[in-house]
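S.K.: Residue numbers (full-length UniProt numbering): 1 to 152.
#1: Using three-state DSSP, classify residue 1 as helix, strand or coil.
#2: Under the three-state reduction of DSSP, which class applies to residue 70: helix, strand or coil?
#3: Taking the alpha carbon of residue 17 as the point to measure from, which residue in 111, 62, 105 has its own alpha carbon closest?
#4: How is residue 148 classed by DSSP in three states: helix, strand or coil?
#5: Helix, strand or coil: how does DSSP classify residue 130 here?
#6: Going by beta carbon distance, what residues of the same chain come within less than 6 Å of residue 153, once the five residues before and after it are set aside?
#7: What residue range is occupied by the uninterrupted alpha helix (DSSP H) comprising residue 27?
#8: At the level of alpha carbons, what is the spacing between residue 90 and residue 77?
#9: Does DSSP put residue 89 in a helix, a strand or coil?
#10: Report the CB separation of residue 59 from residue 8 in whole angstroms; it is logged as a contact under 8 Å.
#11: Where does residue 110 fall in DSSP's three states?
#12: Thinking C-alpha only, which one of 141, 64, 121 is nearest residue 130?
#13: So residue 118 and residue 83 are supposed to be a Cβ contact under 8 Å. How far apart are they, rounded?
#14: Could you compute how far the alpha carbon of residue 132 sits from the alpha carbon of residue 53?
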């Protein structure tokens, strides 16, 4: 019997962009209605990739400035980062390259980044802007999602 492969996936991004909702929606198919700022939380999901089971460890981090010194402790051993911004927040979009990419490149320089635009539906940021940002920061992929409607 083979052991499932483990992937550590760490989510980062500004506070209130929907990181926790995205993880809860993905792992439990429910959408939380109340906003409670995350300090640190972990979720887990088993997924099948090419016929093999992968245990996806989803690490939820705090985006608030108060946690700038603690947050990088969760980066150790990361296999991939989900860098989230809200499609309805220009500030969170700009912080991808002003704050988050410099932080990730400093603490985890060679770990791939998937750029995620959250809150799909009522958007201020276009898909083409997201794709352009993906190129600028060197992300491996760009996706848009709605945790509320389970839409990608």
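We treat Cβ as the ideally placed atom computed from N, Cα and C, and that holds for glycine.
M.R.: If we stick to the structure as given:
#1: In the chain shown, residue 1 corresponds to position 1, counting from 1. Caution applies to residue 1, whose pLDDT of 48 falls short of 50 and renders its modelled position unreliable; the value that the coordinates give is listed next. If DSSP states are grouped into helix, strand and coil, residue 1 belongs with coil.
#2: Counting from one through the chain shown, the residue named residue 70 turns up at place 70. Note: residue 70 maps to coil in three-state DSSP.
#3: Stepping through the chain shown from its first residue, residue 17 is reached at position 17. The shortest Cα separation from residue 17 among 111, 62, 105 belongs to 62.
#4: Counted from its first residue, the chain shown places residue 148 at position 148. Reduced to three states, the DSSP call for residue 148 is coil.
#5: Here residue 130 refers to the residue found at position 130 of the chain shown. DSSP, read as helix, strand or coil, puts residue 130 in helix.
#6: Only positions 1 to 152 of the chain appear in the structure, and residue 153 is not among them; the question remains open.
#7: To locate residue 27, count along the chain shown from 1; it is residue 27. That run of the alpha helix (DSSP H) goes 19 to 28.
#8: Counting from one through the chain shown, the residue named residue 90 turns up at place 90. Counting from one through the chain shown, the residue named residue 77 turns up at place 77. Cα to Cα, the separation comes out at about 31 Å.
#9: For this step, residue 89 is matched to residue 89 along the chain shown. In the three-state reduction of the DSSP assignment, residue 89 falls in the coil class, being assigned neither a helical nor a strand state.
#10: Along the chain shown, one-based indexing puts residue 59 at 59. Along the chain shown, one-based indexing puts residue 8 at 8. Right, their Cβ atoms sit about 7 Å apart.
#11: On the chain shown, position 110 is the one that residue 110 refers to. Coil, per DSSP.
#12: Position 130 of the chain shown holds residue 130. Residue 130 has its Cα closest to that of 141, out of 141, 64, 121.
#13: Along the chain shown, one-based indexing puts residue 118 at 118. Along the chain shown, one-based indexing puts residue 83 at 83. With 8 Å as the limit, residue 118 and residue 83 do not qualify as a contact, their Cβ atoms being about 11 Å apart.
#14: As a first step, residue 132 must be located in the chain shown, where it is residue number 132. As a first step, residue 53 must be located in the chain shown, where it is residue number 53. Roughly 33 Å separates the two Cα atoms.
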